[in-house]
Amino acid sequence: MASQRTLIKNGCVLTLDKGVGNFHQADVLIEGTKISAVGPNLSAAEAEVIDAADMIVMPGFIDTHRHLWESILRNIGTDIPLEGEAGHLAIILNTLAPVYRPEDAYVGDLVGLYGAIDAGITTILDWSHIQATREHTDAVIKALQESGMRAVFAYGYPWWKEPDENQDDWIREAAKEYFASKDQLLTFALAAQGPEFTSFEVVKAQWELARELDARITVHVGVGRAGRQGKLGQMGKAGLLKNDSTYIHCTTLSDDEIKMIVDTGGTVSLASTAEMTMGYGMPPIQRLLNHGLRPSFSVDTETNMPNDMFTQMHAVNSLQHALIFDQKLAGKRNLPAFMNSRDVIECATIEGARANGLLHKTGTLTPGKEADLIMLSMDRPNILPVNDPIGAVVWGMDTSNVDSVFVAGNALKRDGKLLNVDLDNLSRMAYESRDYVMTKSGFRLPEI
Ligand SMILES: [Zn+2]
């Protein structure tokens, strides 16, 4: 039987693949899970035709670091920093996380995932440091599977206690049970504890475990004062850094440590809104660019941050320009180049795919890749008339423009509405879990 065909007609198509090009008007043909052709005036027998006039068709956004289990705690910590007595670590990770049941982790993930789809994100890395038991793992993976998104499940050790003596066996079991194939929507990574937060021996053992399992590694480094201890450099000197790792934040790393990441083929995830507002240190966007590395972007946590990549694009672009203009106003010369809208949209798509180890599958609308794409409305009053489609996506649009979302050719959102989800039920579950976690932990929601 021929695989199912969908023909998206007459869209403004941003493939973001320089070899294929971008088009003011073109079609995208999806066959089965893959993009089979991009270009003007395509035709295909027995295809479902979708009219994309007044739409930008582009690769879905890619988030490279999100603690999805925290999504039932949305905006609970908008005014709190990372550290300190009433900080994120004390409240979210040491007070609320310990009372999470597997079903709370499931609901947290689920509500975060549907929010991400709604915002036009097609691939997400779930940095899941809620793995208190083997059952938490099953619950979170169930949510990832149900969502229909492409996702990297990054297994994380619980923050608030020492790892269980069976933890590494649970990881091996999960890898075997769920991730024996890489040819599926869910792939596996290890969310390592990070050299600033545990001993060198533990770090080394976790990195060796990831490599034993052929899993990518994702790790927080250069976080606030702790990031200034030279711990990543120590790992680099021990030969642990390779091209299978993504380094999150990197805000207070030394230039030598950033160079080590670049030289070993590592990728970086910037969560710049969290970094700027929660006290991680200055996002190192310019230092990365100076070394020739373009970062990917991430939301990090919905306890503080909005859940979309439009916000991340605005933040990084604004910050990079502000840093250069500040030096220009101070009379300095020979300054670095400004990032432009094309650079920024590529960070939110191509670099995300690279950092998640999935650039061969997603990140551009290249024939042969998986059909992970979004359609953004150009006929809304917040954006018309569209004069520069890339500039419109990066600066003019927001989540209200996300009309349709496809992952592996499967529609997850159409005509502005999420498919395959009972929102009333999702809402009921989210409030029930939120209430349980609050009551059990004794934590009280902020006053208004
Ligand atoms: Zn994080």
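First residue of the sequence shown: 183, per our numbering; consecutive thereafter. From the three backbone atoms N, C-alpha and C, an ideal C-beta is built for every residue, glycine too.
- Secondary structure at H402: strand, using DSSP grouped into helix, strand and coil.
- Distances from the CB of D482 to the heavy atoms of ligand 1 include at least one below 6 angstroms.
- When secondary structure is reduced to three states using DSSP, I312 falls in the coil class, being assigned neither helix nor strand.
- In this structure E378 touches Q411 by the C-beta definition: roughly 6 angstroms separates them, less than 8 angstroms.
- Contact check for G591 against I212 passes: the beta carbons are separated by less than 7 angstroms.
- Apart from sequence neighbours up to five positions away, the residues of its chain that approach T319 with a beta-carbon distance below 6 angstroms are Q313 and A356, ordered along the chain.
- DSSP, read as helix, strand or coil, puts A512 in coil.
- Along the length of the region 492-569, whole beta strand (DSSP E) runs at least 3 residues long occupy 555-559, reported in chain order.
- Contact between the region 414-425 and the region 457-467 is not established, with fewer than three Cβ pairs separated by less than 8 angstroms.
- Judged by DSSP secondary structure, R187 falls within the beta strand (DSSP E) whose first and last residues are R187 to L196.
- Scanning the region 184-264 from its first residue to its last, the whole beta strand (DSSP E) runs of 3-plus residues come out as 187-196, 204-213, 216-221, 230-233, 237-241 and 243-248.
- A512 and N486 do not touch by the CB rule: their CB atoms are close to 32 angstroms apart, not below 8 angstroms.
- DSSP places T369 inside the beta strand (DSSP E), whose first and last residues are L368 to A374.
- Comparing alpha carbon positions, the residue from P340, R187, G573 and D236 closest to M521 is G573.
- The distance from the Cβ of A553 to that of F588 is about 6 angstroms, consistent with a contact at the 8 angstroms cut-off.
- DSSP places N583 within a helical segment (H, G or I) once states are collapsed to three.
- Put simply, of A333, V289 and V576 the residue whose alpha carbon is nearest the alpha carbon of S253 is V289.
- When the five nearest sequence neighbours on each side are left out, the beta carbons in the same chain lying within less than 8 angstroms of the beta carbon of K622 are those of V281, in order along the chain.
- Closest in C-alpha terms to L278, from the list W342, T369, S523 and P241, comes W342.
- Looking at the DSSP output, L600 sits in a beta bridge with K595.
- Scanning its chain for C-beta atoms nearer than 6 angstroms, with the 5 sequence neighbours on each side dropped, one finds around R398 the residues A371, D426 and G539, in chain order.
- Counting C-beta atoms within 10 angstroms of its own C-beta, Y296 has 16 or more neighbours from the protein chains shown and is therefore classed as buried.
- Measuring C-alpha to C-alpha distances from W251 to each of D291, I238 and H206 identifies D291 as the nearest.
- Under the three-state reduction of DSSP, L307 is assigned to strand.
- Check the Cα spacing between G598 and each of L395, F205, A268 and D561: the tightest is with D561.
- When secondary structure is reduced to three states using DSSP, F588 falls in the strand class.
- Within a 10 Å sphere around the beta-carbon of I467 sit 16 or more other beta-carbons, which makes this residue buried.
- According to the DSSP assignment, F335 belongs to the beta strand (DSSP E) that extends over R332 to G338.
- By the beta-carbon neighbour count (other beta carbons within 10 angstroms, threshold 16), Q366 is exposed.
- Taking the CA atoms as reference points, N489 sits about 37 angstroms from R515.
- Note that the region 183-198 touches the region 224-242; at least 3 beta-carbon pairs, one per stretch, sit closer than 8 angstroms.
- Taking the Cα positions, G338 is about 15 angstroms away from L271.
- A Cβ-Cβ contact shorter than 7 angstroms links I306 with D245.
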